[in-house]
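**Student:**
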Amino acid sequence: MNIDKDTDTKVTRRDFLYLTTGSFTAVGVGAAVWPFIAQMNPDASVKALASTEVDLSPILPGQSITILWRGKPVFIRRRTEDEIAEAQSVEIIDLPDPETDESRVLKSEWLVMVGVCTHLGCIPLGNKGDYNGWFCPCHGSHYDTSGRIRKGPAPKNLEIPSYVFLDDNTIKIG
Amino acid sequence: MSEDYTPKSAFGKWFDKRLPLLTLFAGHVLAYPTPKNLNYWWTFGGILTFCLITQIITGLVLAMHYVADANLAFASVEHIMRDVNYGWLLRYLHANGASMFFIAVYLHMARSLFYGSYKEPRELIWIIGVFIFLLMIATAFMGYVLPWGQMSFWGATVITNLFSAIPFFGEAITNWLWGDYSVGSALLTRFFTLHYLMPFLIFGLVILHIWALHVPGNNNPEGIDVIKGSQDTVPFHPHYVIKDVFALVVFIIIFAGFVFFSPNILGHSDNYIQANPLQTPEHIVPEWYFLPFYAILRAIPDKLGGVIMMVSAIAILAFIPWLDTSKVRSSKYRPLYRQFYWLLIADFILLGYLGSQAATGIYLIIGRLATAYYFLHFILIMPLIGFIEKPKPLPKSISEPVLSKEEQKAKVEKAARA
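If you read the sequences in order, they're chains A and B. Read left to right, the first sequence gives residues 3 to 176 (my numbering). Read left to right, the second sequence gives residues 174 to 591 (my numbering).
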């Protein structure tokens with residue numbers, strides 16, 4: 003090693019010590035702080051309640067039910083032929099958040115979606131609004147018969163939860 | 174003056190030599206030199222201190238009876254109202270106290286804006302004040318959630334959902350805030366914890382606010398510097414102690430009027446319905462003191478844009494000391510700016526009204542215009558007027574306007590006698 007008197011431009015042992023001490027302190031502080039931040043995330047008991055099974059047999063065409071999943075309402079609607087036709091006939095290029103009706107359902111008769119407005123989290127009202135779907139009273143968002151945003155401040159379509167058909171009349175959400 | 178102060182008693186001398194609390198008190202409360210021309214707009218500092226202490230004390234005792242759990246919170250508030258000795262009084266004092274706190278803080282800020290109290294050398298006092306205001310907003314919002322009524326729940330839902338507007342991390346951040354996938358018990362408990370903590374943070378900032386104030390001393394209605402050690406100033410005690418106490422008593426009479434005669438007039442009746450996560454109220458409105466900012470949020474048709482504008486509406490206040498380019502502090506001597514000042518006040522009140530109405534049709538259009546004016550005032554009008562306005566001549570001392578009035582009066586009297 004070349005130890006000069008004019009160390010201004012040279013890397014010294016002391017610089018190395020400062021740097022390593024600083025780095026280790028930063029990592030240590032980060033590791034110590036992490037539990038205090040992570041404790042706020044959803045806990046094990048909340049996650050354990052994260053799936054729900056629903057029996058669909060009592061629902062007739064044109065009827066909807068609302069169930070609670072992860073503390074949020076989920077709308078399950080058995081759509082009529084007219085509603086399905088209406089949802090499928092829309093030009094998706096015209097939509098604020100373009101999605102085909104087919105991509106939003108597993109079986110076109112059953113529309114399953116999280117009943118939380120994508121604007122600021124209010125619950126939209128069913129069979130209302132300019133598109134015969136849902137209408138959010140808080141800030142005036144209109145959703146169509148596929149739960150897609152058509153008019154108003156909401157940026158996205160109503161969210162589709164992940165779900166599977168266990169048999170013809172039962173779904174498991176989550 | 175504080176440097177000359179020595180305690181009278183032997184114990185006082187012994188104590189003060191080891192911890193100069195008495196000297197501090199004598200210098201900053203008793204002898205603190207204050208401009209002699211302060212009007213009643215200067216009494217809100219004392220009133221606000223009273224409000225903070227009242228909220229801390231009433232909050233402390235309410236916390237002895239309140240339960241921060243989604244299943245029990247609503248019932249525990251009813252328990253406070255019906256069963257706890259004087260519980261109704263303590264809760265009404267705390268709830269209305271929050272409103273009184275905001276009335277006082279808005280008037281205090283309006284005073285600073287009118288008389289230019291944010292200008293050099295008092296920029297930091299103002300900026301610390303903006304931070305206090307921000308903490309007050311957070312504290313009041315979280316406090317409103319605690320009774321777990323319908324407005325509590327849906328207010329919390331709407332406001333915490335604002336964070337979901339953040340690109341990419343929005344959902345992760347909201348779930349982290351909630352500690353759940355929706356607003357529930359976990360959020361209620363952490364809001365209670367923070368609601369308890371924040372008043373003490375405000376208290377700390379208030380000390381810094383007063384400390385920063387006592388370095389240059391008070392501004393005054395003329396907006397000109399006082400000559401230190403001259404007859405321009407009087408000791409804080411008894412002159413301003415008495416003036417502040419008188420204003421405080423008037424304030425307390427109004428406060429008591431709300432508490433005893435219409436304790437629910439400033440609240441929303443829907444908050445006496447227990448929170449129901451399956452039903453959104455027809456019309457969600459925040460407490461009255463947030464309405465102007467709520468109107469700004471709703472005026473913007475884009476979710477993220479609305480959130481950014483609402484936050485900016487408060488953040489922009491911190492930059493006022495540099496946005497205002499005029500060297501003259503008091504609007505008394507600023508004939509042009511004064512008119513825009515009152516326009517801003519009217520605009521803010523209009524925004525408050527619009528925030529309470531449904532955001533549709535004509536209300537939405539007016540809301541957008543009012544929002545535009547709010548921002549234009551600060552980023553365009555304030556800097557420009559400083560350059561084009563010709564201020565009225567400033568008096569040579571704070572005594573001059575009073576003396577010249579008296580001289581004129583004497584002349585008129587003399588003429589009448591003659």
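The beta carbon of each residue, even a glycine, is placed where N, CA and C say it ideally should be.
1. Would you mind listing the alpha helix (DSSP H) stretches within the region 352-420 of chain B that are 4+ residues and don't spill past its ends, in chain order?
2. What is the DSSP secondary structure of residue 57(A), reduced to helix, strand or coil?
3. Where does residue 60(A) land, buried or exposed, given buried means 16+ other C-beta within 10 angstroms?
4. Using the C-alpha atoms, what's the distance from residue 502(B) back to residue 294(B)?
5. When you compare only the Cα positions, how much space is there between residue 177(A) and residue 369(B)?
6. Since residue 476(B) is in the alpha helix (DSSP H), which residue starts that stretch and which ends it?
7. Please list the partners that residue 48(A) has in chain B, where partner means a Cβ-to-Cβ separation under 8 Å.
8. Under 9 Å, Cβ to Cβ, is there at least one residue of chain A near residue 242(B)?
9. With respect to the alpha helix (DSSP H) encompassing residue 471(B), which residues constitute its N-terminal and C-terminal limits?
10. Are the region 490-507 of chain B and the region 295-308 of chain B touching, with three or more C-beta to C-beta distances below 8 Å?
11. I'd like to know if residue 67(A) contacts chain B, where contact means its C-beta is closer than 9 Å to some C-beta of that chain.
12. Is the region 310-322 of chain B touching the region 443-456 of chain B, taking contact as three or more C-beta pairs under 8 Å?
13. Which runs of the alpha helix (DSSP H), 4 residues or longer, sit entirely within the region 77-111 of chain A?
14. Just the chain A side, please: which residues come within less than 8 Å of residue 331(B) by C-beta, in chain order?
15. Check whether the region 119-129 of chain A and the region 153-160 of chain A touch, using three or more Cβ-Cβ pairs below 8 Å as the test.
16. Whose C-beta lies closer than 7 Å to the C-beta of residue 67(A) among residues of the same chain, with five residues either side of it excluded?
17. Give a yes or no on whether 9 Å exceeds the smallest Cβ distance from residue 175(B) to chain A.
18. Along the region 185-210 of chain B, what residues have a CB closer than 8 Å to any CB found in chain A?
19. Take every Cβ of the region 356-363 of chain B, pair it with every Cβ of the region 395-404 of chain B, and state whether three or more of those distances are shorter than 8 Å.
20. Which same chain residues, not among the five before or five after residue 296(B), have their C-beta less than 7 Å away from its C-beta?
21. Please confirm whether residue 544(B) and residue 438(B) have their CB atoms less than 9 Å apart.
22. So, is the C-beta of residue 131(A) closer than 9 Å to a C-beta in chain B?
23. Using DSSP with H/G/I as helix, E/B as strand and the rest coil, what is residue 20(A)?
24. Any heavy atom of the ligand ZN within a distance shorter than 8 Å of the CB on residue 360(B)?
25. For residue 582(B) and residue 510(B), what's the separation of their Cα atoms in angstroms?
26. Which runs of the alpha helix (DSSP H), 4 residues or longer, sit entirely within the region 515-590 of chain B?
27. Of the choices 171(A), 118(A), 136(A), whose alpha-carbon is the least far from that of residue 450(B)?
28. Determine the chain B residues that contact residue 73(A) at a beta-carbon separation under 8 Å, and present them in chain order.
29. Of all the CB atoms in chain A, is at least one closer than 9 Å to the CB of residue 325(B)?
30. Helix, strand or coil for residue 280(B), going by three-state DSSP, please let me know.
31. Can you pull the DSSP bridge partners for residue 447(B)?
32. What in chain B is Cβ-close to residue 163(A), meaning under 7 Å?
33. Buried or exposed for residue 301(B), going by 16 or more other Cβ atoms inside 10 Å?
34. Starting from residue 43(A), find everything on chain B with Cβ-Cβ shorter than 8 Å and list it in chain order.
35. Got a sec, what are the start and stop residues for the alpha helix (DSSP H) residue 217(B) sits in?
36. Listing by chain order, which chain A residues have their CB less than 9 Å from the CB of residue 541(B)?
**Tutor:** In this structure, then:
1. The alpha helix (DSSP H) runs of length 4 or more contained entirely in the region 352-420 of chain B are, from start to end of the chain, 358-387.
2. Strand.
3. Exposed is the call here.
4. Roughly 11 Å separates the two Cα atoms.
5. Residue numbering for chain A in the displayed model covers 3 to 176; residue 177(A) lies beyond these limits and cannot be assessed.
6. Note, residue 476(B): alpha helix (DSSP H), 476-488.
7. Identification of chain B residues near residue 48(A) by a Cβ-Cβ cut-off of 8 Å yields 352, 353, 354, 359, ordered along the chain.
8. With respect to chain A, the C-beta atom of residue 242(B) has no partner C-beta closer than 9 Å.
9. Per DSSP, residue 471(B) belongs to the alpha helix (DSSP H) from 464-472.
10. Yes, the region 490-507 of chain B is in contact with the region 295-308 of chain B.
11. Answer no: the Cβ-Cβ gap between residue 67(A) and chain B never drops below 9 Å.
12. Contact holds: three or more Cβ-Cβ distances are below 8 Å.
13. Fully enclosed alpha helix (DSSP H) runs of 4 or longer: 83-90.
14. The contact set of residue 331(B) on chain A, defined by CB atoms closer than 8 Å, consists of 122, 123, 124, 140 in chain order.
15. Three or more pairs of CB atoms, one per stretch, sit closer than 8 Å, so the region 119-129 of chain A contacts the region 153-160 of chain A.
16. Result list for residue 67(A): 61, 78, in chain order.
17. A caution first: residue 175(B) carries a pLDDT of 46, below 50, which makes its placement in the model unreliable, though a value can still be read off. For residue 175(B), the answer is no, since every Cβ of chain A falls outside 9 Å of its Cβ.
18. Close to chain A, meaning a Cβ-Cβ distance shorter than 8 Å, is no residue of the region 185-210 of chain B at all.
19. Too few Cβ pairs lie closer than 8 Å, so no.
20. These residues qualify, in order along the chain: 494.
21. Their beta carbons are not under 9 Å apart, which means residue 544(B) does not touch residue 438(B) by this criterion.
22. Taking Cβ atoms only, chain B never reaches closer than 9 Å to residue 131(A), which makes this a no.
23. Here residue 20(A) sits in helix by DSSP.
24. Only the bare structure without any ligand can be found here, which leaves the ligand ZN out of the picture.
25. Taking the straight line from one Cα to the other gives about 30 Å.
26. Listed in chain order, the alpha helix (DSSP H) elements of length 4 or more contained wholly in the region 515-590 of chain B are 534-549, 555-561, 573-590.
27. Nearest option by C-alpha distance: 118(A).
28. Simply 353, 354, 355, 356, 357, 450.
29. Judged by the 9 Å Cβ criterion, residue 325(B) is not in contact with chain A.
30. The answer is helix: DSSP assigns residue 280(B) an H, G or I state.
31. As computed with DSSP, residue 447(B) is found in a beta bridge with 322(B).
32. Those do not exist, as residue 163(A) stays about 10 Å from chain B at its closest Cβ, beyond 7 Å.
33. The Cβ neighbour count for residue 301(B), taken over all protein chains shown within 10 Å, is at least 16; the residue is labelled buried.
34. The answer, in chain order, is 348, 349, 352.
35. First-last of the alpha helix (DSSP H) with residue 217(B): 217-236.
36. By Cβ distance, chain A contributes nothing, its closest Cβ being about 13 Å from residue 541(B), past 9 Å.
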